Amino acid sequence: SQQGEEDPQALSIQEGENATMNCSYKTSINNLQWYRQNSGRGLVHLILIRSNEREKHSGRLRVTLDTSKKSSSLLITASRAADTASYFCATGPRAAGNKLTFGGGTRVLVKP
Amino acid sequence: DTAVSQTPKYLVTQMGNDKSIKCEQNLGHDTMYWYKQDSKKFLKIMFSYNNKELIINETVPNRFSPKSPDKAHLNLHINSLELGDSAVYFCASSQDVIGQPQHFGDGTRLSIL
């Protein structure tokens, strides 16, 4: 199965509401990254959290990391229609190299 | 001023043909990658090159051969295309340091008839 698995697989919310998605992983990591993918486009890096960090913010994004539970969450506050996209978590291992393992993504639909 | 560009954007071809996808990055990164995204959106790494040297090869069939003429380019050649090769292929690049974000191209949608 995927190293990173997102939950839920799909999420539908109204503009202005918050969106929360979770990611679980199996092995020790150096860092965990969140990416956004708009339809027909490549992935765009959103935020990186290192294994010794517990929480990180970037604009309307808040990421938490719990290494004891091997899980992370991404919160998008005050969502906008433009936030409609798929969101992926990716884990970076402790081993050398920058190999990322991606989960299957959460599809978020923000209705105006 | 596109950071990671790949061509073509769409590729429709028949089984058995050979095709190539090109990728270029102007970010000055040391490392480039090829990913395959299937119809369920699962993204899986295929290859990674660092300064023109292969560093990751994820048991991809021999029909897939990456080539890196210089550190700004990583091309993907596929021989004897099969139906299961239909997917979106993404090129990405990053600095060669653990924990650096990767920058993706917009993908090449490969459809095998």
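Order-wise, the sequence lines are chains A and B.
The opening residue of the first sequence carries number 1 in the numbering used here; numbering runs sequentially from there.
The opening residue of the second sequence carries number 1001 in the numbering used here; numbering runs sequentially from there.
We put the CB at the ideal spot given by N, CA and C, even for glycine.
What you are looking at is a predicted structure, and each value in this text was computed from that prediction instead of being measured.
Mapping the DSSP letters down to three states, classify Leu1027 of chain B as helix, strand or coil.
Locating residue 1027 of chain B in the second sequence gives position 27, counting from the first residue. It is coil, neither helix nor strand.
Bridge partners for Leu32 of chain A per DSSP, in chain order?
Position 32 of the first sequence, counting from 1, holds the residue named residue 32 of chain A. The partner list for Leu32 of chain A (beta bridge, DSSP) reads A:Ile49, A:Thr91.
Along chain A, which residues have their Cβ under 7 Å away from the Cβ of Ile1078 of chain B?
On the second sequence, position 78 is the one that residue 1078 of chain B refers to. Going along chain A, no residue has its Cβ under 7 Å from Ile1078 of chain B, so there is no contact; the nearest lies around 19 Å.
Which residues, in chain order, does the stretch 47 to 81 of chain A contribute to contact with chain B at a C-beta distance below 7 Å?
Listed by position along the chain: Leu48, Arg50.
Do the stretch 1018 to 1031 of chain B and the stretch 1047 to 1063 of chain B make contact, defined as three or more Cβ pairs closer than 8 Å?
Enough Cβ pairs lie closer than 8 Å, so yes.
Which one or two residues does DSSP pair with Asn1075 of chain B in a beta bridge?
Position 75 of the second sequence, counted from the start, is the residue given in the question as residue 1075 of chain B. The partner list for Asn1075 of chain B (beta bridge, DSSP) reads B:Lys1067.
Along the stretch 15 to 33 of chain A, where does the CB come closer than 9 Å to a CB of chain B? Name the residues.
Hits within the stretch, in order: Asn30, Asn31, Gln33.
Quick check: what's the CA-CA separation for Asp1038 of chain B versus Ile29 of chain A?
Position 38 of the second sequence holds residue 1038 of chain B. Position 29 of the first sequence holds residue 29 of chain A. Taking the straight line joining both Cα atoms gives about 25 Å.
Cutting at 7 Å between CB atoms, please list the residues of its own chain near Asp1085 of chain B, excluding the five before and the five after it.
Taking the first residue of the second sequence as position 1, residue 1085 of chain B is located at position 85. Around Asp1085 of chain B: Ile1078, Leu1110, Ile1112.
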